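Asks: From first to last, the protein sequence lines are chains A and B. Each residue of the first sequence is one higher than the one before, starting from 2 at the first, in my numbering. Each residue of the second sequence is one higher than the one before, starting from 22 at the first, in my numbering. Each residue gets a CB set at the ideal place from its N, CA and C atoms; glycine is no exception. These numbers come from a predicted model, not from an experiment. My structure is below; once you've seen it, I'll send some questions.
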Amino acid sequence: MTVTSPPSQFTALPGGGIAHGSYADVPYEDKLALWEEVKADARFPDYMYGCYECGICVAACPSARFYDFSPRKIAQAAAREDVELVFEQMNDDVWNCSQCFSCNRCPRQNSPGGLITLLREVAVRNGLTTAKDALEGYGRVVYKIMTTGTQISPDMLQPDAFPDWGPDVEKTSDNLELWRRALPPETLHTTEMSWQVSDETLIELYLIWLHSDVMDMIEQADEGLHMIILDVMEETLEDAGYEV
Amino acid sequence: MTTTDNTFIPLSEIRKPPVPDPAKAPTEDIREQLFALEDAGELIVQRVPEPYIEVMTKYGRTKKIPEQMTWHHKSCGQCGHIPGYSTSIFWLNRQFGMSYMDPTDQTSCTAWNYYASATSNAVAQAGVASRNFAAAYATGYFPMIHCGTSYGHYKETRHEIVHHEELRHKVRDIMGKLNKPLVMPEEIVHYSEWIHAMRDRIAERQVRDFSSITASIHPACHYYKLVTEDAIYDPDIYGGQRTATVTGIVESLGSTVGDYSTFFDCCGFGFRHILVQRDFSRSFATQRKIEVMKEEANPDVVITHDTGCVTTLDKSQFAAKAHQRNVGVPVLSDAQFAALAMGAHPYRIAQLHWHATDYTALLEKMGIDWEAAWAEFEVDLGRLERGEIEYLSWEDADA
């Protein structure tokens, strides 16, 4: 038998494993630290019990039909604590998940979708480049939620943003202010937020953001966005008499 | 099949699964945990106000659905892009004279920052949920959740608050900074569960004949998959093997349910996909849902019960039609469908002009002169434009 070296795209590791080619330049210790962060999350034991490799999750998964993506592999890598593979998935796979939780039909009670939530959070919190790339173009959405407490506001219906939704988008956009006034519920006469949210409610929301480390995550994901959101929050809170 | 005394037993009876026994439920009854935490002084449990309607959930347990005194936790996407959805929910409550509250002291669940971008965390999400629940509690009205994702996400959050002491205490500290108590409702209730519980009373008030309509049902993933525990199941609907919500009201209104093989598939919404990777959403919605429904059931309409499902299934059809795909089925919520059955105006209440797929053939089948209805609505718009009225009122809408 001839012993051959690992393929050139792989790097042998001291523990006997192999570093995957795409991320071989990332030190194993860094990958391990991220994995430990995933495991330390209080939700992790609720999402990971083991894996039968039955594939029920894959059969139910919409993303598996359209992408090179497998919730079974996510569960398997976590169950085996395959640090290298988890790191690769954290970068290359997790953003393909639809978060529908069809995979929750797992007979072992795993939640691959839940695991992906954790993997994504760790990726964002640690400022992985792939996470920043995945969130590119997403800043307005994060801004809307964090500053207005609502998302999918009426003024987001613009034809250049949704050209594939047909000509009705332009008609809605053109008539937006008038059509919003033609809604009987009083809270819906808004265009910049989905419904009218009181000022006091927004102040309370901002305090939740400040006291839950969320702003640190935003800073890692997008420093510019972080500054804009912080400006809005600080101005509102200071006007209301809060020291920020 | 026959028995030894030659009595014929239909196959459907033989295969009918037993009614689930709650004593054998594979999951805990989280309400017992909530009451234990309340006894320990850890949180307050807001009771379901009377009168309430009892329904059965997946494992045979009983869930209380409040008839009224409801605090309407609105949905971003419903209010923002398909406002006839929320308007119809309120209109139904008004038709039955139910006392309800449409609060401005409400934020969304902010789960867009959770399921889409992961720019939030468990403490923040539990904090947002608890703030909304405390706001409802302060009014004496009971939370009724319009969004399927908020409903599912709040059930996840409830699990975390109950089972993770450290997280619970962090959230309670944050609530303390807001001068609010930590409150959890006795039941997490979705508006479609209210419609389901009220379906016979809605049918009694039906003024339009829907018997010639075939509707395919799309159940929302975050309603019954995210936390399966307390979604409604009924042995008389699909033998209790699928959630009964939505199908129940469609059957009660006399329509035919057009079944299809990809019932359990999601709609393709995907959160981040519908905004930044929409090729996936369009492909899945049309190829795995609408085209399959068309081929297998040829429905007049798709009825669903969540924001993203209506949006994705409806809006995705325009591009698919341009590619000569077999699409073209209007998509409504159960609330709009029920409101139309009870005589609601298709534009003033159901606000169908915010929908994309052609719905005019469906309205004709419902016996609605949509051209005359649109002309009436244009008169309303003219009054608004001329400043004769500032807003369309509920009274205007029912005129």
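Rounded to a whole number of angstroms, what is the C-alpha to C-alpha distance between residue 417 of chain B and residue 226 of chain B?
Replies: Cα-Cα distance, rounded: 21 Å.
Asks: Using three-state DSSP, classify residue 284 of chain B as helix, strand or coil.
Replies: If DSSP states are grouped into helix, strand and coil, residue 284 of chain B belongs with coil.
Asks: Short of 8 Å in beta carbon distance, which residues of its chain neighbour residue 171 of chain B, apart from the five on each side in sequence? Order them along the chain.
Replies: Counting only Cβ-Cβ distances below 8 Å, and skipping sequence neighbours, we find 94, 96, 129, 130, 132.
Asks: From the DSSP secondary-structure annotation, give me the bridge partner or partners of residue 254 of chain B.
Replies: BP columns for residue 254 of chain B point to B:264.
Asks: Report yes or no: do the segment 348 to 368 of chain B and the segment 309 to 329 of chain B share at least 3 C-beta pairs separated by less than 8 Å?
Replies: Taking 8 Å as the limit for Cβ pairs, the verdict is that the segment 309 to 329 of chain B does touch the segment 348 to 368 of chain B.
Asks: Straight-line CA distance for residue 121 of chain A to residue 310 of chain B?
Replies: When rounded, the distance between both Cα atoms is 28 Å.
Asks: Locate the beta strand (DSSP E) running through residue 238 of chain B, then write down its first and last residues.
Replies: Run containing residue 238 of chain B: 235 to 239, per the beta strand (DSSP E) assignment.
Asks: Inspect the beta-carbon positions of residue 204 of chain B and residue 154 of chain B and report whether they are closer than 8 Å.
Replies: Yes; because the gap between Cβ atoms is below 8 Å, this pair is in contact.
Asks: Just to confirm my understanding: we take residue 104 of chain B, look at its own chain, exclude 5 residues before and 5 after, and list those with CB closer than 6 Å. What are they?
Replies: So the list reads 372, once near-sequence residues are dropped.
Asks: Can you give the Cα-Cα distance for residue 375 of chain B and residue 96 of chain A, rounded to whole angstroms?
Replies: Between residue 375 of chain B and residue 96 of chain A, the C-alpha separation is close to 30 Å.
Asks: From which residue to which residue does the beta strand (DSSP E) around residue 206 of chain B run?
Replies: Here the beta strand (DSSP E) through residue 206 of chain B covers 204 to 206.
Asks: Check the Cβ of residue 43 of chain A against every Cβ in chain B and list those closer than 8 Å, keeping chain order.
Replies: Under the 8 Å cutoff, chain B gives 143, 181, 185, 187, 188.
Asks: Do you know offhand how far residue 359 of chain B's Cα is from residue 177 of chain A's?
Replies: Answer to the nearest angstrom: the Cα atoms are 26 Å apart.
Asks: Please state whether DSSP places residue 301 of chain B in a helix, a strand or coil.
Replies: Helix.
Asks: When the Cα atoms are used, what is the spatial distance from residue 106 of chain B to residue 357 of chain B?
Replies: Whole-angstrom Cα-Cα distance: 6 Å.
Asks: In angstroms, rounded to a whole number, what distance separates the CA positions of residue 288 of chain B and residue 239 of chain A?
Replies: The straight-line gap from Cα to Cα measures roughly 43 Å.
Asks: Quick check on residue 93 of chain B: does DSSP put it in helix, strand or coil?
Replies: Note: residue 93 of chain B maps to strand in three-state DSSP.
Asks: If we ignore side chains and look at the alpha-carbon of each, how far apart do residue 403 of chain B and residue 116 of chain B end up?
Replies: If I take the Cα positions, the gap works out to 27 Å.
Asks: So the candidates are A:107, A:162, A:54, A:118; which of them puts its Cα closest to the Cα of residue 38 of chain A?
Replies: Comparing Cα-Cα distances from residue 38 of chain A to each of A:107, A:162, A:54, A:118, the minimum goes to A:118.
Asks: I'd like the list of long-range same chain contacts for residue 45 of chain A, defined as Cβ closer than 7 Å, with 5 residues on each side in sequence excluded.
Replies: So the list reads 39, 119, once near-sequence residues are dropped.
Asks: Following the continuous beta strand (DSSP E) through residue 166 of chain B, name the residue where it begins and the one where it ends.
Replies: Looking at the DSSP string, the run of the beta strand (DSSP E) that includes residue 166 of chain B is 163 to 166.
Asks: From which residue to which residue does the alpha helix (DSSP H) around residue 130 of chain A run?
Replies: Taken as a continuous stretch (DSSP letters only), the alpha helix (DSSP H) holding residue 130 of chain A covers 130 to 135.
Asks: Give the secondary structure of residue 79 of chain B by DSSP, where H, G and I count as helix, E and B as strand, and everything else as coil.
Replies: DSSP places residue 79 of chain B in coil when its eight states are reduced to three.
Asks: Comparing the CB of residue 367 of chain B with every heavy atom of the ligand MN, is any distance shorter than 7 Å?
Replies: With respect to small molecules bound, the structure shown includes none, and the ligand MN cannot be examined in it.
Asks: How should residue 9 of chain A be labelled, buried or exposed, when 16 other C-beta atoms within 10 angstroms of its C-beta is the threshold for buried?
Replies: For residue 9 of chain A, the predicted structure reports a pLDDT of 38, less than 50, and the residue's modelled location is therefore unreliable. The matter cannot be settled from this model.
Asks: Look at residue 237 of chain B and residue 169 of chain B and say whether their C-beta atoms are less than 8 Å apart.
Replies: No, Cβ-Cβ distance for residue 237 of chain B and residue 169 of chain B is not below 8 Å.
Asks: Counting contacts by CB-CB distance shorter than 8 Å, is residue 214 of chain A in contact with chain B?
Replies: For residue 214 of chain A, the answer is yes, since a Cβ of chain B falls inside 8 Å of its Cβ.
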